[in-house]
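Residue numbers (this note's numbering), protein chains in the order written: chain A, 42 to 482; chain B, 42 to 482.
Protein chains: 2
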Amino acid sequence: MLLPLAAALLSSSALGAPSPGLGYDIVEGLTTEVGQRLAGTEAEARARDWAVARLKALGFANVHVEPFDMPVWVRGAETAEVIAPFPQKLVLAALGNSGATPDGGITAEIVGFPSLDALKAAPDSAVKGKIVFVWHRMMATQDGSSYGTYGLIRFAGPAIASKKGAAAILIRSIGTDHHRVAHTGVTNWLEGARPIPAAALTVPDAEQLERILARGKPVTIHLTLTPKTVGTRQSGNVVAEVPGTDPSAGIVLIGGHIDSWDLGTGAIDDGAGVAITTAAAKSILDGPRPRRTVRLVWFGAEEPGGLGGKAYAEAHGKEPHAIAAESDFGADRIWRFSSQLMKTDPPTYARLTAALAPLGITKNDKGDADGTDVEPTVAAGAPWISLNQDGTRYFDWHHTPDDTLDKIDPAQLRQNVAAWTTMLAILSGGIESQPKQPKRR
Amino acid sequence: MLLPLAAALLSSSALGAPSPGLGYDIVEGLTTEVGQRLAGTEAEARARDWAVARLKALGFANVHVEPFDMPVWVRGAETAEVIAPFPQKLVLAALGNSGATPDGGITAEIVGFPSLDALKAAPDSAVKGKIVFVWHRMMATQDGSSYGTYGLIRFAGPAIASKKGAAAILIRSIGTDHHRVAHTGVTNWLEGARPIPAAALTVPDAEQLERILARGKPVTIHLTLTPKTVGTRQSGNVVAEVPGTDPSAGIVLIGGHIDSWDLGTGAIDDGAGVAITTAAAKSILDGPRPRRTVRLVWFGAEEPGGLGGKAYAEAHGKEPHAIAAESDFGADRIWRFSSQLMKTDPPTYARLTAALAPLGITKNDKGDADGTDVEPTVAAGAPWISLNQDGTRYFDWHHTPDDTLDKIDPAQLRQNVAAWTTMLAILSGGIESQPKQPKRR
């Protein structure tokens, strides 16, 4: 019976960890002692060193780095100011993979659109040579579903503007806050679109520009963005294991991503994810030896396009995986879960449902696999489980300078660790399959 | 009987203004069409032009600018990064009047203090040649009283550090938020202290630096701040009036300040103040002619040290003032008031108490005069009244890039306008003293 275990795990002292718990301790350490961890940079390399040392110190087996190469983009100068009709500076951040202006910037007229659809519908002649501005609004949702809708403006909008001949594109940040911090994130130059300067205005700046445009006078902006691609560099996945007793039973793959955007310290994205999954794996490590090996991966280079997850699947996708799960949606409480096991293993799905309920978590029979890093492994055949975090606040801070430790609520982080530990205890076939094995702690 | 008037004023349509009201309309226009308005700069001059045009269009009498000269300080580059033990960038903003580093910056060890008192108590030898860091914590208070305590770290801390031989000083922002936006504000080089580079770290950055220091290793920072003083420039007060019928009855002086810090658009500090007092004065203008002249002043150059208020008192301090009042604490609702009239004119104080109560405002018999700009006029003998705004959220945004229009709640702004209108109706001796005069609207 796992229910009392789950309840006990909510108290960090039950894990033998110092309050506010091992999970918090890891994300505090990573964000303080490394800070931002842009993929492919020396900061991400320092983070790998930090992770290896920490995971070894915690007693995990088979701790190692699996390196891979990647193209690296880095931020440069980024400034914008309204030249006319109302001179003033605007705050923005280049999108990942943004093209660059000349060092001295460009000056062009703004053409505004309320949505991506409106931009798509515009004739090229309305856009050519101008700076496109898309001012859409994004609302907060608990399940994060609004990111799918509005994220598209960031993913695809710049390529669409480029194809229409725009000089540059500014989008309202894909975010739900009202602070002067911009939300970066990767964009893609699909279908051979030529990279143009592409940046996100903070939400207050986007609203300001929208008000200025509403005055009906031509609006001219001077924009300087000097990011660059610096060639091929090394990233890597950090791997650690809790060895199982039965190699044929398949691997339980869990993790988060070690890289972050460069503006904040990557506390909620995704220091929390590696911390939560590591703390949960540690409680399995400290308990009876599980039947299945628990493989913990701190994936590299998720932000530029899930490169670590692809590298992992290339190397390990054909190994038998009993389950794959990722934590990459902040640090707020888990409110529901879903899993392919609903169809493939209803008894275990029922056990998970019962065991997670005391933590306030309900099953979602209509859920999907979640997590960019485990997606390629799931595509290769691994069953999946998704522990869904409450995303109501997530897009207030996502990809901004505001992604810092203070945004993490230690109590909600502990609930995450308890849920992951409960899930692992069931799916690693550990605690219940070997009830008579003496505990090592 | 004024009580029904106060209630009616809460509805903007009762003022004949388009929803969300004239007050909101003014602060929206000023912050959008001018933006930041640093004292003594061309931006503040544009704001004066904007104000004169708007006040004339609203129908005020005697609209004019009263210019004065002032020394002007402007922000330069400002960057900081931890060099060792954990390399990472920090976000900060120079304090007004900060000294400058060389263009290439300085590198020095950090010495940290939890409070201004701890810095004061430190021997010079502990500080000499180092970068002082004061990491105090500021809590939100409804009455803003914590600003008195913690503001001292900004006002006086840099001079104290300078006298002890510090190379520079970084303070935790005087703010109650957790965002990567720094709180600037003026500092003073008292007692001949030599200006040194002085800046505020954002609250998350200050907490990060505190955590890094807590690791116990020497912490080295590279700091670049290149602000400069650009000599004497012109500022000015914008004056407008609602002429009264009785010149001997004294002036009712109200207003806020037109200048702002350069980081935000000065919506809550103090676009709201000039907007609230203007909207209230406009309702008097549109009503029966008051007995006393209502003089509305948009004071210039408050932020560098209340220069507009001093210039006003020099020019007008000897004119008879029936009352002086300023709005300069954001846009949230007025929750209490206090006035010298409690002692000098108890019947009028009682009438104010009764008239403001329907707006949820209570009297505070222990209050003080409020407002840097009217302080010199009060010191010259003018009676005072203070309508106290709820400051619980004010220091989340005060002096930061986040001081933008979206922080203003139109409903609370309307309550402010209603309260000021009620106060003016009583103290201008208008509506009740001339009940038989035909209304012009």
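Note that the Cβ used here is the ideal one computed from N, Cα and C, for glycine as well.
These numbers come from a predicted model, not from an experiment.
Starting from the C-beta of residue i, find all residues in its chain whose C-beta is less than 8 Å away, skip the five residues before and the five after it, and write them out in chain order.
i, result
"residue 333 of chain A", "285, 287, 290, 291, 292, 293, 363, 468, 469, 470, 471"
"residue 354 of chain B", "417, 418, 420, 421"
"residue 177 of chain B", "155, 156, 157, 191, 194, 212, 213"
"residue 376 of chain B", "183, 401, 402, 403, 429, 430, 431"
"residue 93 of chain A", "104, 105, 106, 279"
"residue 390 of chain A", "380, 382, 383, 404"
"residue 443 of chain B", "218, 220, 222, 305, 437"
"residue 128 of chain B", "122"
In chain A, which residues lie less than 8 Å from residue i when you measure between Cβ atoms?
i, result
"residue 245 of chain B", "443, 445, 446, 447"
"residue 222 of chain B", "220, 221, 222"
Measure the beta-carbon distance from residue i to residue j and round it to whole angstroms, keeping in mind my assumption that it falls under 8 Å.
i, j, result
"residue 123 of chain B", "residue 260 of chain B", "7 Å"
"residue 238 of chain B", "residue 209 of chain B", "4 Å"
"residue 282 of chain B", "residue 154 of chain B", "Wrong, their Cβ atoms sit about 50 Å apart, outside the cutoff."
"residue 378 of chain B", "residue 427 of chain B", "6 Å"
"residue 341 of chain B", "residue 386 of chain B", "Actually they do not touch by this definition, with Cβ atoms about 31 Å apart."
"residue 368 of chain B", "residue 461 of chain B", "7 Å"
"residue 110 of chain A", "residue 273 of chain A", "5 Å"
"residue 449 of chain B", "residue 308 of chain B", "6 Å"
"residue 136 of chain A", "residue 240 of chain A", "6 Å"
"residue 132 of chain A", "residue 243 of chain A", "5 Å"
"residue 203 of chain B", "residue 230 of chain B", "7 Å"
"residue 82 of chain A", "residue 113 of chain A", "7 Å"
"residue 173 of chain B", "residue 268 of chain B", "At roughly 18 Å, the Cβ-Cβ gap does not stay under 8 Å, so residue 173 of chain B and residue 268 of chain B are not in contact."
"residue 276 of chain A", "residue 85 of chain A", "6 Å"
"residue 396 of chain A", "residue 463 of chain A", "5 Å"
"residue 372 of chain B", "residue 454 of chain B", "5 Å"
"residue 349 of chain B", "residue 414 of chain B", "6 Å"
Enumerate in chain order the residues of its own chain whose CB-to-CB distance from residue i is below 6 Å, with the five nearest sequence positions on each side excluded.
i, result
"residue 126 of chain B", "258"
"residue 59 of chain B", "Residue confidence is low: residue 59 of chain B scores 43 on pLDDT, short of 50, so the model does not pin down where it sits. No coordinate-derived value is stated."
"residue 165 of chain A", "205, 206"
"residue 96 of chain A", "104, 281"
"residue 169 of chain B", "206"
"residue 478 of chain B", "Any answer about residue 478 of chain B is weak, because its pLDDT of 45 lies below 50 and its placement is not dependable; what the coordinates show is given next. Excluding residues within five positions, the ones whose Cβ falls inside 6 Å are 329."
"residue 366 of chain A", "295, 426"
Using the beta-carbon of each residue, which ones in chain B are nearer than 9 Å to residue i?
i, result
"residue 484 of chain A", "It is not possible to answer for residue 484 of chain A, since the shown part of chain A is limited to 42 through 482."
Residues of chain A with CB closer than 7 Å to the CB of residue i, please, in chain order.
i, result
"residue 74 of chain B", "127"
Can you name the residues that DSSP bridges to residue i?
i, result
"residue 151 of chain A", "A:172"
"residue 119 of chain A", "A:266"
"residue 404 of chain B", "B:378"
"residue 429 of chain A", "A:377"
"residue 105 of chain A", "A:280"
"residue 366 of chain A", "A:295"
"residue 110 of chain A", "A:275"
"residue 261 of chain B", "B:125, B:150"
"residue 339 of chain A", "A:279, A:297"
"residue 213 of chain B", "B:242"
"residue 227 of chain A", "A:137"
"residue 130 of chain B", "B:122"
Which same chain residues, not among the five before or five after residue i, have their C-beta less than 7 Å away from its C-beta?
i, result
"residue 198 of chain B", "157, 160, 175, 210, 212"
"residue 346 of chain A", "227"
"residue 318 of chain B", "295, 296, 297, 337, 368, 461"
"residue 201 of chain A", "160, 161"
"residue 361 of chain B", "291, 292"
"residue 146 of chain B", "263, 264, 265"
"residue 358 of chain B", "417, 418, 421"
"residue 87 of chain A", "75"
- request: Check distances from the C-beta atoms of the stretch 228-262 of chain A to those of chain B and list, in chain order, the residues that come in under 7 Å.
  value: 245, 248, 249, 252, 253
field: Proximal residues, the stretch 116-135 of chain B versus chain D, C-beta separation under 9 Å
entry: The displayed structure is made up of protein chains A and B, and chain D is not among them.
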